[in-house]
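Note that UniProt numbering has the sequence shown beginning at 1, numbered continuously upward. Cβ atoms here follow ideal geometry from the backbone N, Cα and C, with glycine treated the same way. Because the structure is a prediction, the values reported are computed rather than measured.
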Amino acid sequence: MPGETIKMVGIRRNPDEPLGLTVEVDEHNQLVVARIIAGGMIDRQGLLHPGDVILEVNGVPVTTPEELQGEISVAKESVTLKIGPSIEEEMKSARITMAGGQVKNGRNLDSGKKLTCYMRALFDYDPNEDNLLPCKEIGLSFMRGDILQIINVKDPNWWQAKHAGEEGPTGLIPSQELEERRQAYVPPEADFVHKIGICGTRISKKKRKILYKTKQNGEFDKADLMLYEEVTKMPPFKRKTLVLVGVAGVGRRTLKNRLINSDPDKFGSVLPHTSRQPRPLEESGKAYWFSDREDMEEEIRENKFLEFGDHNGNLYGTHLDSIRDVIRQGKMCVLDCSPAALKTLHNSPEFMPFVVFIAAPGMEQLKLLYSERRSASGSTRNLHFDRQSSIRYSSRRAKTLESLASLYEDDDLISAVEESALLQRKYDKYLDMVVVNEDFDDTFRQVTEALEQLSHEHQWVPVNWIY
1 MPGETIKMVG
11 IRRNPDEPLG
21 LTVEVDEHNQ
31 LVVARIIAGG
41 MIDRQGLLHP
51 GDVILEVNGV
61 PVTTPEELQG
71 EISVAKESVT
81 LKIGPSIEEE
91 MKSARITMAG
101 GQVKNGRNLD
111 SGKKLTCYMR
121 ALFDYDPNED
131 NLLPCKEIGL
141 SFMRGDILQI
151 INVKDPNWWQ
161 AKHAGEEGPT
171 GLIPSQELEE
181 RRQAYVPPEA
191 DFVHKIGICG
201 TRISKKKRKI
211 LYKTKQNGEF
221 DKADLMLYEE
231 VTKMPPFKRK
241 TLVLVGVAGV
251 GRRTLKNRLI
261 NSDPDKFGSV
271 LPHTSRQPRP
281 LEESGKAYWF
291 SDREDMEEEI
301 RENKFLEFGD
311 HNGNLYGTHL
321 DSIRDVIRQG
331 KMCVLDCSPA
341 ALKTLHNSPE
351 FMPFVVFIAA
361 PGMEQLKLLY
371 SERRSASGST
381 RNLHFDRQSS
391 IRYSSRRAKT
401 LESLASLYED
411 DDLISAVEES
421 ALLQRKYDKY
431 LDMVVVNEDF
441 DDTFRQVTEA
451 LEQLSHEHQW
461 VPVNWIY
């Protein structure tokens with residue numbers, strides 16, 4: 001290695017702060033700098049770059065990450081590194097010299113480029129629990145819903161990021177590609193590039209090539225995961241739709257009606273379309289929009305319905321034009337729809353939804369909700385037994401039926417609570433707010449206050465709403 005290419009780098013370090021770099025041994029058995037963490041000690045001093053070869057620490061030769069870590073750990077405030085270029089850099093320089101070419105800098109200037117990119121995290125991450133992270137000390141922990149500023153995405157497996165709006169350090173987080181493979185279908189021990197961090201953590205080098213097969217496409221379909229969502233910060237504005245989702249019987253429709261009745265100039269609702277024939281005295285545009293089945297089926301194929309279904313041989317559905325009509329009136333359209341429609345709404349800059357998940361409360365509160373709903377409909381019917389029929393039997397027989405009825409009803413309520421939790425987990429990435437409906441007045445207050453805040457606070461929204 002020519003003498004003029006060797007340089008000595010002096011670093012004044014804080015023993016409580018990591019250097020902010022990772023290293024690896026390349027195919028030429030050189031100990032090279034693999035990554036510089038943006039904002040870290042090395043990055044601030046600007047003396048090292050990815051691809052630099054570390055030859056010595058304080059005069060002691062080092063050839064492995066473990067040796068480097070050992071020498072740095074015994075060093076005091078001052079560390080002197082002997083640095084040389086990689087073999088690739090020397091070969092590149094030699095080719096340029098032979099060809100008479102000129103370059104300003106042989107490095108990739110994009111490697112440290114800062115991005116104006118923000119992501120909403122859609123999963124929790126703890127670097128201390130990640131066995132694949134090159135160095136746990138430089139990992140960045142986050143919670144679902146946190147906004148992350150992405151600084152560098154050059155590494156296909158590890159992005160450099162920091163929490164938006166905070167002065168904290170930059171750290172490593174798993175890339176979308178890596179986390180997809182980990183969560184979806186590729187075994188962790190078979191898919192990650194060999195890296196050795198300054199902490200000495202080793203990662204398997206093995207890779208497995210997987211071909212898509214239609215008979216086994218289920219595993220590949222799972223890979224369509226939303227792990228990060230690119231977002232942008234917007235000044236206060238009013239959303240165009242309010243979407244209420246939750247399990248049946250949890251109070252969505254009651255909340256929808258109360259919102260509309262409380263301020264009919266602010267909130268509006270859509271009329272469903274149906275292929276059912278009008279009954280006597282029914283008019284199109286009053287309770288339903290009546291349409292021919294053939295016309296509805298054609299518009300369903302053209303994706304003009306947000307959602308639709310078949311009941312007793314008749315089609316029912318929510319037409320997108322009906323939503324647009326409410327918005328054109330200057331109102332927020334309140335939708336009580338299936339969670340399956342959330343993806344369409346969430347990805348639409350036209351509808352800009354504020355999505356509220358009405359979560360099922362505890363068993364006692366849910367019993368009360370169900371009881372109030374039955375009373376309001378004038379029904380005292382139990383789902384499985386008619387309690388009045390027990391009068392004909394002995395008191396013991398009646399008590400047995402009463403107990404069985406209560407047992408089946410409790411099972412039904414337990415299923416509702418479990419289904420609510422399942423739906424919340426499945427569609428969490430689309431939710432703006434979760435309200436446990438333990439008290440209806442309190443639920444109404446929380447939703448209306450949240451909507452009011454949208455008019456006064458900046459909002460992080462999907463970037464496709466804007467660009």
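Comparing alpha-carbon positions, which option in the options lies nearest residue i?
i, options, result
"Asn303", "Asn314, Thr318, Asp292", "Thr318"
"Gly84", "Gln329, Gly309, Ile138, Val32", "Val32"
"Ala164", "Lys426, Val434, Ser141", "Ser141"
"Thr232", "Gln446, Leu21, Tyr118, Thr5", "Tyr118"
"Asp130", "Ile150, Arg144, Leu172, Asn152", "Leu172"
"Lys286", "Thr274, Thr448, Ser175, Trp158", "Thr274"
"Leu320", "Tyr427, Gln30, Glu177, Thr241", "Thr241"
"Glu438", "Ile358, Glu297, Ser175", "Ile358"
"Met433", "Glu298, Ile300, Gly309, Val243", "Val243"
"Tyr427", "Asn464, Val436, Val356", "Val356"
"Trp158", "Pro127, Met143, Gly168, Arg144", "Pro127"
"Leu19", "Ile138, Met8, Glu298, Leu225", "Ile138"
"Asp263", "Glu179, Glu66, Thr448, Gln149", "Thr448"
"residue 468", "Glu418, Leu55, Leu148, Ile36", "The structure shown does not extend to residue 468, since the chain is modelled only from 1 through 467, so no value can be given for it."
"Val60", "Tyr288, Met8, Glu180", "Met8"
"Lys238", "Asp442, Phe444, Pro15, Glu350", "Glu350"
"Ile42", "Asn14, Ala421, Thr63", "Asn14"
"Arg182", "Arg144, Met143, Tyr125", "Tyr125"
"Lys82", "Glu66, Asp442, Glu56", "Glu56"
Could you round the C-beta distance between residue i and residue j to whole angstroms and report it? I think they count as a contact, below 8 Å.
i, j, result
"Asp155", "Ala121", "That pair is no contact at about 18 Å."
"Val270", "Ile323", "6 Å"
"residue 469", "Gly249", "In this structure the chain extends from 1 to 467, so residue 469 is not present and cannot be described."
"Leu48", "Leu21", "7 Å"
"Glu24", "Ala34", "4 Å"
"Ala360", "Val247", "6 Å"
"Leu335", "Tyr430", "That pair is no contact at about 13 Å."
"Pro353", "Val245", "Incorrect: roughly 10 Å between the Cβ atoms, too far for contact."
"residue 517", "Gln149", "This structure leaves residue 517 out entirely; the chain is present only between 1 and 467."
In its own chain, which residues sit with a C-beta less than 7 Å from the C-beta of residue i, not counting the 5 before and 5 after it?
i, result
"Asn58", "Glu71, Ala75, Val79, Thr80"
"Gly10", "Ser78, Thr80"
"Gly266", "Per the sequence shown, the amino acid found at residue 266 is Lys instead of Gly. Cβ within range, chain order: Lys331, Met332."
"Leu315", "Thr274, Ser275, Arg293, Met296, Phe308"
"Arg253", "Asp336"
In this structure, how does DSSP classify residue i when only helix, strand and coil are distinguished?
i, result
"Ala340", "helix"
"His319", "strand"
"Val153", "coil"
"Leu122", "coil"
"Ser348", "coil"
"Gln446", "helix"
"Thr241", "strand"
"Gln277", "coil"
"Glu438", "coil"
"Ala161", "strand"
"Pro272", "coil"
"Glu166", "coil"
"Gln459", "strand"
"Pro235", "coil"
"Ser284", "strand"
"Ile138", "helix"
"Leu225", "coil"
"Ile173", "strand"
"Pro264", "coil"
"Ala421", "helix"
"Pro85", "coil"
"Val334", "strand"
"Leu148", "strand"
"Phe354", "strand"
"Ala359", "strand"
Go through its chain and collect everything with a Cβ distance to residue i's Cβ below 8 Å, but skip five positions before and after it.
i, result
"Pro236", "Leu454, Ser455, His456, Glu457, His458, Gln459"
"Ser284", "Pro278, Phe290"
"Asn347", "Pro462, Asn464"
"Leu306", "Gly317, Thr318, His319, Leu320, Ile323, Leu335, Cys337, Ala341, Thr344, Leu345"
Using C-beta distances below 6 Å, list every residue in its chain close to residue i, excluding the 5 sequence neighbours before and after it, in chain order.
i, result
"Ala450", "Met433"
"Val53", "Gln30, Val32, Gly84, Ser86"
"Gly40", "Gly20"
"Gly6", "The sequence shown places Ile at residue 6, not Gly. Closer than 6 Å at the Cβ level, and outside the excluded window around Ile6, lie Gly84."
"Met234", "Gln459, Val461"
- Task: Note down, one range per segment and in chain order, each alpha helix (DSSP H) of at least 4 residues found wholly within the segment 290-316.
- Result: Restricting attention to alpha helix (DSSP H) runs no shorter than 4 residues, the segment 290-316 encloses them at 293-301, ordered along the chain.
- Item | Secondary structure, beta strand (DSSP E): runs of 3+ residues fully inside the UniProt domain "PDZ" (8-83) | Fully enclosed beta strand (DSSP E) runs of 3 or longer: 21-25, 31-36, 53-57.
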